[in-house]
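In terms of the working numbering, the sequence shown is residues 13 to 692.
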Amino acid sequence: MPTAPIARAEHGADPYAWLEQRDSEAVLAYLQAENAYLEESLAGQSNLREQLFQEIKGRIRETDLSLPTPWGDYLYYQRTQAGDEYPRHYRCNRQGDSLSVDEASEQLLLDPNVLAEGGYLSLGAFSISPDQRLLAYSLDRSGDEIYQLFVKDLDSGAITALPFSEADGSMTWANDSQTLFFATLDDTHRPHRLFRHRLGDADASLVFEEEDGRFFLSCHRASSERQLILLLSSKTTSEAWVLDAEQPRADFRCLARREEGHEYYPDHGFLDGRWRWFIRSNQSGINFALYLSDEESPERAHWQELVAHDPAVMLEGMTLNLEAMILSLREGGLPLLELRSSGQPPRRLSLPDAAYSLYVQDSLEFHSPVLRLRYEALNRPAQIRQLDLRSGEQRVLKETPVEGPFDADAYVSRRLWATAADGTQVPISLVGRREVLAAGQPAPLYLYGYGAYGECLDPWFSHARLSLLERGFIFAIAHVRGGGELGEAWYRAGKLEHKQNTFGDFIACAEALISEGLTTARQLAISGGSAGGLLIGAVLNQRPELFAAAIAEVPFVDVLNTMLNPDLPLTVTEYDEWGDPNEAEVHARIKAYAPYENVQRQAYPALLAVAGYHDSRVQYWEAAKWVAKLRTHKTDDHLLLLKTDFDAGHGGMSGRYQALRDVALEYAFLLKVLGLIQQS
Numbered sequence: 013m014p015t016a017p018i019a020r021a022e023h024g025a026d027p028y029a030w031l032e033q034r035d036s037e038a039v040l041a042y043l044q045a046e047n048a049y050l051e052e053s054l055a056g057q058s059n060l061r062e063q064l065f066q067e068i069k070g071r072i073r074e075t076d077l078s079l080p081t082p083w084g085d086y087l088y089y090q091r092t093q094a095g096d097e098y099p100r101h102y103r104c105n106r107q108g109d110s111l112s113v114d115e116a117s118e119q120l121l122l123d124p125n126v127l128a129e130g131g132y133l134s135l136g137a138f139s140i141s142p143d144q145r146l147l148a149y150s151l152d153r154s155g156d157e158i159y160q161l162f163v164k165d166l167d168s169g170a171i172t173a174l175p176f177s178e179a180d181g182s183m184t185w186a187n188d189s190q191t192l193f194f195a196t197l198d199d200t201h202r203p204h205r206l207f208r209h210r211l212g213d214a215d216a217s218l219v220f221e222e223e224d225g226r227f228f229l230s231c232h233r234a235s236s237e238r239q240l241i242l243l244l245s246s247k248t249t250s251e252a253w254v255l256d257a258e259q260p261r262a263d264f265r266c267l268a269r270r271e272e273g274h275e276y277y278p279d280h281g282f283l284d285g286r287w288r289w290f291i292r293s294n295q296s297g298i299n300f301a302l303y304l305s306d307e308e309s310p311e312r313a314h315w316q317e318l319v320a321h322d323p324a325v326m327l328e329g330m331t332l333n334l335e336a337m338i339l340s341l342r343e344g345g346l347p348l349l350e351l352r353s354s355g356q357p358p359r360r361l362s363l364p365d366a367a368y369s370l371y372v373q374d375s376l377e378f379h380s381p382v383l384r385l386r387y388e389a390l391n392r393p394a395q396i397r398q399l400d401l402r403s404g405e406q407r408v409l410k411e412t413p414v415e416g417p418f419d420a421d422a423y424v425s426r427r428l429w430a431t432a433a434d435g436t437q438v439p440i441s442l443v444g445r446r447e448v449l450a451a452g453q454p455a456p457l458y459l460y461g462y463g464a465y466g467e468c469l470d471p472w473f474s475h476a477r478l479s480l481l482e483r484g485f486i487f488a489i490a491h492v493r494g495g496g497e498l499g500e501a502w503y504r505a506g507k508l509e510h511k512q513n514t515f516g517d518f519i520a521c522a523e524a525l526i527s528e529g530l531t532t533a534r535q536l537a538i539s540g541g542s543a544g545g546l547l548i549g550a551v552l553n554q555r556p557e558l559f560a561a562a563i564a565e566v567p568f569v570d571v572l573n574t575m576l577n578p579d580l581p582l583t584v585t586e587y588d589e590w591g592d593p594n595e596a597e598v599h600a601r602i603k604a605y606a607p608y609e610n611v612q613r614q615a616y617p618a619l620l621a622v623a624g625y626h627d628s629r630v631q632y633w634e635a636a637k638w639v640a641k642l643r644t645h646k647t648d649d650h651l652l653l654l655k656t657d658f659d660a661g662h663g664g665m666s667g668r669y670q671a672l673r674d675v676a677l678e679y680a681f682l683l684k685v686l687g688l689i690q691q692s
């Protein structure tokens, strides 16, 4: 067995703080040594990793055409080709209502494969001007989420690089197709300034600056295409300003001045023969209600209730159309869509599975009689469904193909409930092969969790996951508090002083899966990323004997030290999620669960931690320091590996094949440490 690298521990409150010295020779040497140790430790699995990669790749249709989106005189779509890391962006002439691609008129708009030049590439904005003659796009070439801005003339092919730095990647057109709005980042990587730029000008004018470090700034076009919306939002409060898209040089107008705890999100649409503002607000309850105001009187004093607050149903969003409105709801842990069209009672859409993911993918043109939904389940590949806004009928336009043998009915999806220590019922979604679940015998189980920011882990299909399911695994999602699956109250019950509920819920889910006879502690692997990595780190400290293996992706495990450093990206904005540790009570609370702070002299499960060197959200050193401390404290000989991607940011490697190789490595690691392959 190779010898693991041991990071030197210095005296002081944080003995591994030296790993925060980005680009120093000592830090780079240590991270490279850890990468080498990983490769040496898994050297005997090179054939398995390649087999898994080929398996996963073999299920994906490498050469494919996305479902074309109609807009004006064109259809817009993407093509993927075998061997390419990124899809190419195209358009062709539109032939009536047909969605068939006219290859004779096909125009290549953007080829990220050429732009990437073999390295990292993330496409931020991809925005066609209202007159459809220009393309505004932005590129991140390192993974640090700082973007370069470009405008391409689609007639001549000429590309102009805009001379602005520290951009967040957003680009929003005014209706003159000559004026762009874009945001820039401050020293903590927070979008804080909005600029207005007219093409051909040498500079840009500052429109708005947000000085409160808790608030992010963003700008987007309303559904009607008639208004621009400037949104300022923290984790608990928001403020919106609006501007007539036909008057880009005018001043933005505030709908409602910020009031601590008041969140509201406006959109612009048409109702009863008039242009209106639709405002989703929590002013009457935490699950939000919907309000209306006239276009000329958008201020809060003129808001009129359209949909009342419901303590049992979360109003998550809305999609506006000239003739109808879709409400995105959440009830009983599941997403629901409610169609409201002129002259008809509200109708909730019916769906085939018990647990699923569902959202409006594309509202198409504002006057379109249809829109598109995306639907998928743990055992059902993603479908693009067309919804007729008059009849409510759904039609499957495209289903993501699974190449090779695949039968959705061979897999069973279930919803279980675990009981937390305080009696709360916590939902679990799971999937496995029918014969595995019917056998009544414990099986290897992969349990995934997140539990922060009110984000929902709705069940999703994965081509890669089939490689585990075909090897007898069960896959499960723990919908713990801190997420938003059961509404705003569910989120609030897992943040700030209630954060321990997130960890306790996950432990309860693991115990429930074991007590149900689905798995055992020796067969249970857990995984989470970012704030989900914090979850993994915390439960490993609290109940290490409950798990056999863990994978932590870009894990937020050094939460106390990070939150004590306001100069780091995004720290101040996170106070509303975790608390301000400069307050003694909050400091003690975070210290009590922070994974890095609570590493103990005890046995730990096998662990693979993955970091992105250019990650601006969770710095690479959080995983590095955590692994270094674990090496000197753990009392077992289980495998402990750290992988640092030097060409990646928070989202991992950017190309599709690069990402598949990372998944193959993780799966091979699990098969090794769970004893499901011959040890080497």
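Glycine included, C-beta positions come from ideal geometry on N, C-alpha and C.
Nearest C-alpha to L349 among A366, L31, A367, M330: M330.
In this structure, DSSP gives K637 a helical state, which the three-state scheme calls helix. Bounds of the beta strand (DSSP E) holding V443 are 437-445. With respect to the 8 Å criterion, E74 and A94 are classified as neighbours on the basis of their beta carbons. I18 sits exposed, since fewer than 16 C-beta atoms from the chains shown fall within 10 Å of its C-beta. As DSSP reads the structure, F228 sits in a beta bridge with S245.
Sequence-distant partners of G345 (beyond 5 residues in either direction) whose C-beta falls short of 7 Å from its own C-beta, in its chain, are P439, H491, E497, L498. For G108, DSSP records no beta bridge to any residue. The three-state reading of DSSP puts E377 in coil, since its state is none of H, G, I, E or B. By the criterion of at least three beta-carbon pairs nearer than 8 Å, the region 584-592 is not in contact with the region 633-645.
Beta-bridge partners assigned by DSSP to F207: F194, L218. Between G404 and L351, the C-beta spacing is below 8 Å. When only Cα atoms are considered, W633 and A313 end up about 49 Å apart.
Taking a cut-off of 8 Å on C-beta distances, the region 25-33 does not touch the region 54-69, as fewer than three cross pairs fall below it. Taking every protein chain shown into account, the CB of P578 has fewer than 16 other CB atoms within 10 angstroms, so this residue is exposed. When Cβ pairs closer than 8 Å are counted between the two stretches, the region 376-383 is seen to touch the region 72-87, the count reaching three or more.
By the Cβ rule, the region 215-222 does not count as touching the region 290-310, because fewer than three pairs are nearer than 8 Å. Excluding the 5 residues flanking it on each side, L211 has same chain C-beta neighbours closer than 6 Å at Q190, in chain order. Using a Cβ distance threshold of 8 Å, M575 and T585 do not count as a contacting pair. Per DSSP, reduced to three states, the secondary structure at H491 is coil, with no helix or strand assignment. Counting C-beta pairs with one atom in each stretch, the region 359-369 and the region 316-335 have fewer than three that are closer than 8 Å, which means they do not touch. The residue from G169, H209, D96 with its alpha-carbon nearest to that of W185 is H209. Membership of S539 in the beta strand (DSSP E) is indicated by the continuous run 536-541. The alpha-carbon separation between T532 and R668 amounts to approximately 34 Å.
Here the alpha carbons of A635 and A660 stand approximately 14 Å from one another. Taking 3 residues as the minimum length, the beta strand (DSSP E) runs contained wholly in the region 228-300 are 228-233, 239-245, 250-256, 276-283, 286-293, in order along the chain. In this structure, D256 and Q239 form a Cβ contact; the two beta carbons are roughly 6 Å apart against a cut-off of 8 Å. In the DSSP assignment, G461 falls within the unbroken beta strand (DSSP E) covering 457-461. Taken atom to atom, the span from the alpha-carbon of G155 to that of D627 is near 6 Å. The three-state reading of DSSP puts E388 in strand, counting E and B together. Sequence-distant partners of L111 (beyond 5 residues in either direction) whose C-beta falls short of 8 Å from its own C-beta, in its chain, are L79, P80, P82, L87, L409. Going by C-alpha positions, R445 is about 22 Å away from L60.
Of A676, N187, G181, the smallest CA-CA separation from P203 is found for G181. The beta carbon of G24 lies closer than 7 Å to none in the same chain, with the five residues before and after it left out. The residue from I338, T412, H475 with its alpha-carbon nearest to that of L383 is I338. Distance from the CA of Q259 to the CA of R145, rounded to the nearest whole angstrom, comes to 20 Å.
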